[in-house]
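Residue numbers (my numbering), protein chains in the order written: chain A, 269 to 672; chain B, 269 to 672. Don't be surprised by glycine CBs; every beta carbon is placed ideally from N, CA and C. In what follows, a single structure is set out as structure tokens and then discussed.
2 protein chains.
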Amino acid sequence: MYTIRCRSCRQTVTDETFRTSCPSCGGGLEFAYPDAAWKPEANSRTMWRYKDLLPVRPHELLVTLSEGGTPLDRPVLYPDIDLYIKDETRNPTGSHKDRAMSIAVTKAVTFGRDTVMLESDGSTALASAAYAARAGLRSIVVVGRGVPDYRLLPLVVYGSHILEYQGTPAQALDWVHEVCRKLDIYETSTFRLANPYTMEGPKTIGYEIYEQLGRAPDWIVVPVGGGATLEGIGRAFADLHAWGKVGRRPRMAGVLTRGYDMLNEALQRGIASDDELRAMAPDPGPETIQVKIAMTYAPDGLEAMAAVRDSAGCFVSVSDPEALAAQQVLGKLGIYAEPSSAVALAGVEKLRSMKHIREGESVVAVVTGSGFRETGTLAGRVQCQRTPVDAACGVAVIDNLLGR
Amino acid sequence: MYTIRCRSCRQTVTDETFRTSCPSCGGGLEFAYPDAAWKPEANSRTMWRYKDLLPVRPHELLVTLSEGGTPLDRPVLYPDIDLYIKDETRNPTGSHKDRAMSIAVTKAVTFGRDTVMLESDGSTALASAAYAARAGLRSIVVVGRGVPDYRLLPLVVYGSHILEYQGTPAQALDWVHEVCRKLDIYETSTFRLANPYTMEGPKTIGYEIYEQLGRAPDWIVVPVGGGATLEGIGRAFADLHAWGKVGRRPRMAGVLTRGYDMLNEALQRGIASDDELRAMAPDPGPETIQVKIAMTYAPDGLEAMAAVRDSAGCFVSVSDPEALAAQQVLGKLGIYAEPSSAVALAGVEKLRSMKHIREGESVVAVVTGSGFRETGTLAGRVQCQRTPVDAACGVAVIDNLLGR
């Protein structure tokens, strides 16, 4: 079993009903597990391999689409560092968010809920919609204005209701959070004060990296939007360290979108409150193709900052041209990542050229989401060159390509 | 080790160089393995679990992106039959073709080739491009005229050269096959006379189904384009039957696109030659969204017909509205399939309503490819309805959705 406690006042709370925060002080909730809970199930190929470390009771029926258990790939790219790709594109809806959502929707069923709702036009929306569909729950997805159809059509296939909030995504996020409270709707947004259960998904990425590598890497490089993914992976290694499995924790590096690098500045300035963090939001933020991570306010930003600081890590920020270039580099390794996820590799490149990552070090880049969901972003940005050929000229064109 | 022999004259050939057909009689080549080759590697999560049954030497360096090892899902959909989904959408480039291509590109490296080429604008192109990228080989993809950009942009990310043949896909296919012979280019088209190694990929789907289910299902329902996928899965169970692992073979059902159902007619008429099959091609075939399987000529069609006939199976054909409806049904189970793959479920539905599949029978539908690669097909065909909401009206809209 597990216990739930408030991160602020340390009070223990129960989860007979869905709680998003401490009933006494409003603090965020976290989970604690028995000491002997690390016993990966040898036969499981999914993240439920770690079910004793996830906040579900053993007798519950899992809502699962076989999430997690993703490959740790080892492409040959740099001569001087030992690079691994944690390939989260292989999840059911193409991203790491499926891990959080398998837990969150399982809990929704446990709590007897019939509807889930969130603000997202990206990976979290796809995951929420797919798992809700699987569980037979009603799914409501709220998006900001002007999201292209290609990003929403899969939600239609999953059977979601799509509401377009007449404002920015950040305004929609706040509105959804407020409406879910007011109407008692189960929120599947993946940040601690919206849904603490979702926070337990990302740590399974860390557990898997440990098992696949047999040790802790020197670095883990993670794209950062709201902050929960980096925090969770960092926490996994804190767990493994506390259990005596690894001698030291990896340095956690967070990759931010250029122009949305408030967490870096906040870390430098020692910012310690959400209000201060929120006040740093650019308004509006610059246009970017890194839509999945470019958030004006990171709801779990303080936790991500702590994970970076406590592991002697750092933040780096990546421009759109750098994100597209990294996407092409990953493509040449046979991995099609979306730009917002390819930034993990751009971050590695940056840390390597800054000599933060040193010769001989082992580095895991977490490639969070698949490019197939975001081919639409490339239209007009990546040239789709096709050379016309026919029976008359074709052989000459090919000979030329082959350099013959 | 394995041996290679001609399916027509039974002569044994070697693979010191790449051969696409029998040097004596031009017949197709097949592989034979030692009797004790069924020894799945317990620690492998990919299709290379069956490496002793794949035509690579043990010492070869595999070109792999962790293909295969896909989930066998068991959604609750029908009350009267035991349905499983073999979820091939979870492969590296989103389809079962990755299995064939991991073998084919591994062999290209073995043969010292520096270029691969094929005609395809679909799953096979993506797989060829990705594995070639991974192996550091040049990739040439030839497409017919007028393929939309969204289908080609991922190939650009993988670094392929795209040639647009000024004709139909069928003409381009013939041209590519001829040019590959003439210029001695390694062809990665997935049919026996183009590349016999590719034929060994689909059988690993069958081996996995057997291991995941612990027995043979009553039916396996497979979308059929060129025919190799159905043939390979059928052959896997023929193997398992010969080895005494299963008491009987599953009935193989092939799902064809309406208007491209020549294999069904050919089976009824007892057609036994490729020339006759080719002569049945509609010219041009009707417009369809099932672009991945709607082929005017099925290069491995005779083999697929034999697999259907020998297992007491059948062919069914599916219209575009039925394919789209099946896509939505799968979506409600949390699986986003492309229309050309969702037809597997449409086929099950048809066989069930025709009472071919009977009460209590176990049925595996092979969902071959992910919808995320084909969201572009849905534009204008699936309505992307979004309801505008704001702070004033939003709660009322949601209350209405909830039926409150």
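Which residues does DSSP pair with residue i in a beta bridge?
| i | result |
| --- | --- |
| E309 (chain A) | According to DSSP, E309 (chain A) bridges with nothing at all. |
| H429 (chain A) | A:I408 |
| I353 (chain A) | A:D341, A:A633 |
| T525 (chain A) | A:V586 |
| V211 (chain B) | With chain B covering 269 to 672 only, the question about residue 211 (chain B) has no answer from this structure. |
| F299 (chain A) | A:I272 |
| L386 (chain A) | A:V409 |
| A605 (chain B) | B:S638 |
| T655 (chain B) | A:L431 |
| E455 (chain A) | A:M385 |
| R620 (chain A) | According to DSSP, R620 (chain A) bridges with nothing at all. |
| M520 (chain B) | B:I488 |
Less than 8 Å between CB atoms is the rule here; does residue i satisfy it with respect to chain B?
| i | result |
| --- | --- |
| V635 (chain A) | no |
| G414 (chain A) | no |
| E432 (chain A) | yes |
| G602 (chain A) | yes |
| G482 (chain A) | no |
| C652 (chain A) | yes |
| L330 (chain A) | no |
| T271 (chain A) | no |
| P422 (chain A) | yes |
| P308 (chain A) | no |
| G615 (chain A) | no |
Closer than 7 Å by C-beta to residue i: which residues in its own chain qualify, once you throw out the five before and the five after it? Chain order, please.
| i | result |
| --- | --- |
| V597 (chain B) | L613 |
| E328 (chain A) | T374, T378 |
| C290 (chain A) | C274, S276, C277, Q279, V281, L297 |
| C293 (chain B) | C274, S276, C277 |
| S585 (chain B) | L524, T525, R526, D529, N532 |
| R546 (chain A) | Y565 |
For residue i, which residues in the same chain have their Cβ closer than 6 Å to its Cβ, ignoring the five residues on either side in sequence?
| i | result |
| --- | --- |
| E387 (chain B) | V410, A440, L441, V444 |
| T466 (chain A) | A368, A372, T458 |
| L330 (chain B) | T374 |
| Y301 (chain A) | Y270, L321 |
| V632 (chain B) | Y352, K354, I477, P485, I488 |
| R460 (chain A) | G296, M467, D568 |
| A395 (chain A) | T361, K365, D366, M369 |
| R519 (chain A) | W487, S579, A580, G581 |
Among the residues of its own chain, which have a CB less than 8 Å from the CB of residue i, if the five just before and after it don't count?
| i | result |
| --- | --- |
| E356 (chain B) | T338, S363, H364, I473, S609, V634, V635, T636, G637 |
| E571 (chain A) | R460, G495, A496, E499 |
| A540 (chain A) | L570 |
| S334 (chain A) | R313, T314, P360 |
If you follow the beta strand (DSSP E) that residue i is part of, which residue opens it and which one closes it?
| i | result |
| --- | --- |
| P491 (chain A) | 487-491 |
| C274 (chain B) | 271-274 |
For residue i, count neighbouring C-beta atoms within 10 Å of its own C-beta (all shown protein chains included) and say buried if the count is 16 or more, exposed if not.
| i | result |
| --- | --- |
| E627 (chain B) | exposed |
| M622 (chain B) | exposed |
| P326 (chain A) | exposed |
| T456 (chain A) | buried |
| Q651 (chain A) | exposed |
| W511 (chain B) | exposed |
| K471 (chain B) | buried |
| Q558 (chain A) | buried |
| C448 (chain A) | buried |
| G469 (chain B) | buried |
From the beta carbon of residue i, is the nearest beta carbon of chain A less than 8 Å away?
| i | result |
| --- | --- |
| D417 (chain B) | yes |
| T458 (chain B) | no |
| S370 (chain B) | no |
| D588 (chain B) | no |
| S638 (chain B) | yes |
| R317 (chain B) | no |
| G643 (chain B) | Residue identity check: residue 643 (chain B) is Thr in the sequence provided, not Gly. Yes, contact with chain A. |
| A612 (chain B) | no |
| G362 (chain B) | yes |
| Y426 (chain B) | yes |
What are the boundary residues of the alpha helix (DSSP H) that residue i is part of?
| i | result |
| --- | --- |
| L394 (chain A) | 391-403 |
| L545 (chain A) | 542-547 |
| D507 (chain B) | 496-510 |
| D242 (chain A) | Because chain A here runs from 269 to 672, residue 242 (chain A) falls outside it and cannot be looked at. |
| L535 (chain A) | 530-537 |
| Y465 (chain B) | From DSSP, Y465 (chain B) is part of no alpha helix (DSSP H); its letter is neither H nor E. |
| I473 (chain A) | 471-481 |
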